[in-house]
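Below: one structure, written as structure tokens.
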Amino acid sequence: MATIYLSPSLQPYNSYVGGGNEQEYMNLVADAMEPYLRTNGIAFTRNRIGMTLGEVIRDSNKGDYDLHLAIHSNAAPESLSGQLQGTDVYYYPYSSRGKRAAMLIAENFKKIYPDPSKVQARPTTTLAEITKTNAPAVLIEVAYHDNSEDAEWIRTHVQEIAKNLVESLTMYFGVPFISPPQPERVGVVRTMGGNLNIRRRPTTDSEIVGQIPNGAETRIFGETGGWYVTRYGNTTGYVRGDYIEIVR
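Below is the structure:
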């Protein structure tokens with residue numbers, strides 16, 4: 096299954112009009128994303144408050160991630176302070192996967208941002224989290240924190256932003272979006288004696304990425320269309336629900 100590096104802003108000095116700051120609210124968005132990511136079987140590593148940008152990039156580059164997702168809010172140049180609004184989704188122009196992810200995220204974000212015409216996907220060759228990461232990368236500036244309307248929209252839509260971003264990730268990875276988040280459960284495999292296949296997607300013709308022995312316990316994170324999102328050992332994927340007995 097998919098794995099991402101989740102990188103909310105580490106900039107507490109960027110104050111919001113009306114209270115709060117960029118680090119605070121972008122980390123609240125990331126906090127709200129985590130239950131959705133688990134339920135949808137998307138593994139993640141997250142940066143840590145106190146890291147520098149260079150440390151974040153090195154940490155991301157230590158892993159083998161399918162996407163590096165940086166989450167920020169924006170501020171206008173001093174001459175336009177407070178006057179700009181909207182969402183910018185940045186990608187490296189020479190990364191086809193990064194561009195595809197950015198386009199999907201921008202298009203989906205139009206469903207929740209008050210003025211969809213102000214949501215844009217933009218190429219960049221200057222943002223380090225886009226150009227220096229090994230994984231395909233996207234950096235979203237969700238709105239302008241120096242604009243009173245945008246800042247208030249962020250403060251009052253943290254959960255909606257989080258849900259929308261994870262939905263975009265499931266679109267990018269080609270799996271169903273499971274909402275609301277579901278509590279983790281434990282199931283036991285009940286077959287006629289053979290192993291139960293773990294598949295990349297919830298279809299019987301999808302790639303087999305692992306197997307679970309009959310009688311073994313496995314962690315269950317979500318359910319969709321008769322399939323369970325499970326993790327057995329280090330393998331995450333989908334298993335047929337009719338071969339799983341939920342025990343707790």
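Numbers 96 to 343, taken from my numbering, label the letters of the sequence shown in order.
Beta carbons: idealized from backbone N, C-alpha and C, even for Gly.
These numbers come from a predicted model, not from an experiment.
Taking G282 as reference, the option from S301, Y323 and E119 with the minimal CA-CA separation is Y323.
Judged by DSSP in its simplified three-state form, G149 adopts helix.
The beta-carbon separation of T226 and Y187, rounded to 6 Å, stays under the 8 Å limit for a contact.
Cβ contact annotation for T228 (same chain, cutoff 8 Å, sequence separation greater than five): Y100, I152, S155, N156 and H163, in chain order. Looking at the DSSP output, T220 sits in no beta bridge, so it has no partner there.
For Q215, the pairing in a beta bridge is given by DSSP as D183. Here S263 is buried: its Cβ has 16 or more other Cβ atoms, across all protein chains shown, within 10 Å.
DSSP, read as helix, strand or coil, puts N203 in helix. By the neighbour-count criterion, in which a residue is buried when 16 or more other Cβ atoms sit within 10 angstroms of its Cβ, G332 is buried. Sequence-distant Cβ neighbours of N142 in its own chain, meaning closer than 6 Å and more than five residues away, are S102 and V151. Between N242 and G113, the alpha-carbon positions lie close to 10 Å from each other. The three-state secondary structure of R133, taken from DSSP, is helix. Nearest C-alpha to D161 among Y131, T98 and V124: T98. A direct Cα-to-Cα measurement between P130 and I235 gives close to 20 Å. Annotation: the continuous beta strand (DSSP E) that includes V284 extends over R280 to V284. One thing to note: H240 has its Cβ no nearer than 7 Å to the Cβ of S174. Under the DSSP assignment, T140 falls in the beta strand (DSSP E) whose first and last residues are A138 to R141. The residue from A232, A201, G181 and K205 with its alpha-carbon nearest to that of G193 is A232.
Taking a C-beta distance under 7 Å as the contact criterion, A216 and A201 qualify as a contact pair. In this structure, the beta-carbon distance from A127 to Q277 does not fall below 7 Å.
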